[in-house]
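Take the sequence shown: its letters are residues 1 to 1115, numbered as in UniProt numbering. Note that CB positions come from ideal geometry on N, CA and C, so glycine has one too. Quick caveat, the model's predicted, so the values are computed rather than measured. Read through the structure below, which is laid out as structure tokens, and then see the notes.
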Amino acid sequence: MSVVGQCMPDASHEVLDEGEATSFFTVEVVLTYVSKSRNSKLIPAISSLNPIATVIPLVFVLSISAIKEAIDDIQRHRSDAQVNNRTSYVLRKGEIVEERWHKVSVGDIVKLKNNDFVAADLLLLSTSEPHSLCYIETAELDGETNLKVRQALDITAEMKDDHALMGAFDAEIISEPPNNRLSKFEGKMVLKDQTYSLDNEKILLRGCILRNTAWCYGVVIFAGRDTKLMMNSGKTKFKRTHIDRFMNFLIIGIFLFLVTMCLICTIACGVWEAVTGYDFQAFLPWESFVHPAKARGATTIAVLVFLSYIIILNTVVPISLYVSVEIIRLAHSLWINWDIKMYYEKKDSPAKARTTTLNEELGQVEYIFSDKTGTLTQNIMTFNKCSIDGKSYGDPLDREGNPLEITERTPKVDFSGNPYAEKSFDFYDFELLKVVNHGDQNAHAFFRLLALCHTVMPEVHEDGTLEYQAQSPDEGALVSAARNFGFVFKSRTPSTITIEALGVEEKYELLCILDFNNVRKRMSVLVRRNQKITLFCKGADNIIFDRLSPACAELKELTSHHLNDFAQDGLRTLCLAYKDIDDSFYEKWKIRHHEASTSLENRDEKLDTLYEEIETDMILIGASAIEDKLQDGVPDAIANLALADIKIWVLTGDKQETAINIGYSCRLLTDDMEEPFIIDGETPEDVDTQLKHALEEIHSATSRKTPDHVVMGNGQTTYNGATGRIITELDEVGEFAVVINGHSLFTNTISFMWASPVHVLAHIGIGISGQEGMQAVLAADYAISQFRYLERLLLVHGRWSYLRMCKFLKYFFYKNFAFTLCHFWFAFFCGFSAQTLFDPFFISLYNVFYTSLPILVLGVFDQCALDMSYWTGFNHFVVWGSIIYYFCFQLAFYSDAIHYDYVGTAFAIFSCPIFWFTMLLTCAILIVPMVAYRFYQTSVHPTLSDRVRLRQRMRKSKSKGRDLHIRRSSTFRRSRRSLRSGYAFAHQAGFGELITSGINMRAETSSPVKLTKVQRMSSDTLDQHRLSAAVETVGISTPVANKGKKDNRSPLSNPSNQVNERKRHSHSSENEQSIQPQFSASAIPVTAAVEQSVNTDSGTWTAQPKGEIIFVERL
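This is how it looks when you write it as structure tokens:
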């Protein structure tokens, strides 16, 4: 029983699961064995089944579970052994000794070598690198493979690798309690009567790997289970699917149904024994332990029969259900892992299912909450435009000063005169480089700020190449831009920053870094050079504008116009400002800053107050604009997901104008929508009023059946619970999208959107392995490399997994009920005596061997694809194989070689014609009604899948070798925008020839349209002609209108009748621009299958076959 207990799955997550089913069968086996035992005196014979036959299903299920648990235990043991056997080098009595990790304790000084794992949370003391720097990889913590930089305090860096000084190191370190915050540390160190602030930049966490550093020393702060890594290793939350809950409900119902059948048989047995059996004891005597009285004896037999039927009808309880479900889910996960259409070749990154329990949930998704940066976009930032002293730079101009469209032939700025210029940096406005080279002080201040105000770390390779390690791609892009324009960031120490400005080296004393966070939305640095203290600041425009000097009012207005233009282009913007600081003010501020930075209580709040005090009355320099392009296929994926009635929420911290533009670029917003509702209230009451007004407008628009609506949030809004309920009401309308802009929406109902899309509150977390590492991937249930793969993950794998699981459960319960109800039916013919209709071994092997494979294959391989027959090779193999296996096993088992009780029975039965006739009749009775029902549904009430499947089959059978159909219009609804976008994203031949030929500008006559080289066939002769003589192209021939006649141009040929669409600035790449199809007199190029034909009378491209079908194909 200990083995059984270990192999039983954890039953705490489900109401009734495999553990309960296994326990039920275990009790049943014990009852059967004890009742069949010759020495049993406590329990009478209550089962007609052989104990060996009863134990077979239980042993099979437990064996599968045991194998699975053994594999998991072996893997955990190997992982634990690998970690526990890691060694570290600890300073003991002035010497470095080798110790295992579990012997490292708080206060030990540990030496790390290059590529060593960090054994505990350490305070960095000294390193082999200049300026006491070291590089670490945090892949085991957050999944990010880019190197992080840590820097020791100057006071401890002086010890270097002197073991004597290390041994004499005597300091008091006061730190925060152990916690799981990987990105934050608060503490202070008292050394030689001086107090030093400790933060996360001076800490090496357990699990990190030392890279590109020969050696470093650190003192242990937390060890063992107190380390941040171990504090984060909590129990994973179990996610239950809708099907799991449904199965629990079904199994509870099955148990109740089993008890009901047993009670019916019990009552019927008692009645039969009292009415008939009591007087029939001469032929069927009662057992000796049964009371001779009629009523009491019948009651005793009925109670025993209840237990007997519990054993006989046990097959209705699906002991193998959960094992089968786990096998199917594992196979579904493997299909996701092996899907070549979700493999990203550039990064050699396939899709990865990190769970096997949520596959069918992918097909039930109703809402998608997605971040923008790195999820919809490539997260590769490029410096695109800027505004300096009220002048905008970045757009290439022609000789008349008009902006030019950037193409591959557009000339680029030549930075060859700069030895530090990067070959990958592209810029198209020559004017900005001229301004910098001519000594414009505002331009110099702009790029000098970019070279100084950041936390980037430089790295010089052996070949002299300068490379930057940036915490965010935004900072890397801005520092690289300054580098290419001649302001090169070269090196830094804890107290200095060195840059090279147009060939002249400048060294600044770094006084303080006022770091960025999501609340401040800005960062600043305090530097001193030539006895002058300057504050450089960059941040969000609304944050910087609120802290500018009144003297910048005019420049602020000009810059605001430029920012709006940048936002219309979908660019990420930052404003840049500076301020000269008085020495006496700084000295007083420095004292208070040191006190706040060494405080262990409310440190962040105290520092923010000091930052607010000094970041005032700044002088505006300008603004930067960075481009982050959409990933390939994002617009199409979002459009298709929206067509599947999935509501999509995109989270972005950009400006409102940028967010709207990106929404149109990714087709989250469409031209069919009305102008968006702007929600920009400053108080919950204002937001409540605006949302109610939007709700009224949407209800009114819905009643008029107008296009979809959009609700925008400006990122400054604060919601409350009541507002959350209003949002829920808006969602119920279902005819609009809600886009929340920014990361400042704090409410009880939607505050979880602040976090990553793989947040624990989500039913399914999907991580995208982008440029910033693998943190989302490690926390997600599924990992993909591109957002466009989400469409296939949900609409293909999710749908297939859900349909497969539903079909599997349907057939699984069907076969169990069909088998079990035979015994219940037989009870009415055997006096409810609990006699079995089938051989005991047949009962045991029915679920495990005879009928398991067909439904497993159905659950694993079945597809709802259009080009796949229902019966695949796998279906044929397992169905016919199971049948053949059944007959072979029966013939062998009942042969003389086995000496079973029913020797020769199989040969006798199989030689009877009535057996085969009954079997065929039974199959026909069961199958024919279902086939007839499906035929009726497909013919009279076909679904969309049925129609498309039929069309594809006809296409395959009637048009082999053809490239193009001209047929009746598709049943799919196509919008105007999707028609235009279909060309751009499918990379197919478009309508360029049609547009440039000018046919739509010519006059029409009453002459009919001539289709040349087209073969017409009636439906009667369609099967006889396979279009062997096909047509290369279709020409539209219209003679020129006679002079003086009325101009009968079609509506499409008249520019005044053409639909003028609202102009949208595109945020996508060039191949994502929409093209409006028109017609021309030149030959129409034949491309992929397009279901269209010509009707020049109405100026549209539709089909009017009039009883005949027109096919056009290439020879």
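Residue j beta carbon less than 8 Å from that of residue i
{"i": "T559", "j": "G390", "result": "yes"}
{"i": "S785", "j": "K372", "result": "no"}
{"i": "T299", "j": "G253", "result": "no"}
{"i": "C208", "j": "L141", "result": "yes"}
{"i": "I203", "j": "D108", "result": "no"}
{"i": "T213", "j": "T127", "result": "yes"}
{"i": "L535", "j": "K579", "result": "yes"}
{"i": "A274", "j": "A293", "result": "no"}
{"i": "G570", "j": "I513", "result": "no"}
{"i": "T836", "j": "I327", "result": "no"}
{"i": "L151", "j": "L123", "result": "For the sequence presented, residue 151 should be read as Gln rather than Leu. Result no, Cβ atoms of Q151 and L123 do not sit closer than 8 Å."}
{"i": "G798", "j": "V365", "result": "yes"}
{"i": "V305", "j": "T266", "result": "yes"}
{"i": "V848", "j": "F60", "result": "yes"}
{"i": "L526", "j": "I581", "result": "yes"}
{"i": "A477", "j": "V456", "result": "no"}
{"i": "S624", "j": "C386", "result": "yes"}
Residue nearest to residue i in terms of C-alpha spacing, selected from the options
{"i": "I533", "options": "G401, Y367, L510 and A81", "result": "L510"}
{"i": "D672", "options": "A639, L695, I614 and E696", "result": "A639"}
{"i": "K629", "options": "S132, L376 and W825", "result": "L376"}
{"i": "K423", "options": "A481, R211 and P635", "result": "A481"}
{"i": "T616", "options": "V435, P550, I380 and V878", "result": "P550"}
{"i": "N402", "options": "I388, R240 and D429", "result": "D429"}
{"i": "C262", "options": "W215, F832 and R951", "result": "F832"}
{"i": "I646", "options": "A637, G653, H291 and L450", "result": "A637"}
Cβ neighbour criterion (16 or more within 10 Å) applied to residue i
{"i": "L926", "result": "exposed"}
{"i": "N517", "result": "exposed"}
{"i": "V504", "result": "exposed"}
{"i": "I56", "result": "buried"}
{"i": "I999", "result": "The predicted position of I999 is uncertain, since its pLDDT is 40 and thus under 50; no value can be drawn from it."}
{"i": "P635", "result": "buried"}
{"i": "E601", "result": "exposed"}
{"i": "N530", "result": "exposed"}
{"i": "K148", "result": "buried"}
{"i": "A818", "result": "exposed"}
{"i": "T658", "result": "buried"}
{"i": "residue 1167", "result": "Given a span of 1 to 1115 for the chain in the structure shown, any question on residue 1167 remains unanswerable."}
{"i": "N232", "result": "exposed"}
{"i": "N384", "result": "buried"}
{"i": "E158", "result": "exposed"}
Same chain only: Cβ atoms within 7 Å of residue i, ignoring 5 sequence neighbours per side
{"i": "A577", "result": "C537, I544, L548, M618, I619, L620 and I621"}
{"i": "E431", "result": "Y393"}
{"i": "S197", "result": "K188, S597 and T598"}
{"i": "L362", "result": "I764, L793, L794, H797, G798 and S801"}
{"i": "C552", "result": "I619 and L620"}
Neighbourhood of residue i by C-beta distance below 6 Å, restricted to the same chain and skipping five residues each side
{"i": "A445", "result": "I621"}
{"i": "residue 1141", "result": "Nothing about residue 1141 can be reported from this structure: the residues present for the chain run from 1 to 1115 only."}
{"i": "R206", "result": "V118, A120, D121, T227 and L229"}
{"i": "Y782", "result": "A353 and I766"}
{"i": "L182", "result": "L141 and K228"}
{"i": "A451", "result": "A482, F487, F489 and I499"}
Other residues of its chain near residue i: CB distance less than 8 Å, five sequence neighbours each side excluded
{"i": "L610", "result": "W589, R592, H593 and A596"}
task: Could I get the ranges of all uninterrupted alpha helix (DSSP H) runs contained in the region 546 to 603, with 4 residues as the minimum, in chain order?
output: 553 to 568 and 583 to 597
message: I'd like the ranges of any alpha helix (DSSP H) spanning at least 4 consecutive residues and lying wholly in the region 189 to 243.
response: 228 to 231
Every unbroken beta strand (DSSP E) inside the region 371 to 397 [3 residues or more]: 382 to 388 and 391 to 393
query: Which runs of the alpha helix (DSSP H), 4 residues or longer, sit entirely within the region 409 to 455?
result: 430 to 437 and 441 to 452
message: Going residue by residue through the region 635 to 709, where are the continuous alpha helix (DSSP H) segments of at least 4 residues, counting only ones entirely within it?
response: The region 635 to 709 contains, as complete alpha helix (DSSP H) runs of 4+ residues, the segments 656 to 665 and 684 to 704 (chain order).
field: Complete runs of the alpha helix (DSSP H) confined to the UniProt domain "P-type ATPase C-terminal" (777 to 863) [at least 4 residues]
entry: Runs found: 789 to 792, 799 to 827, 840 to 845 and 852 to 861.
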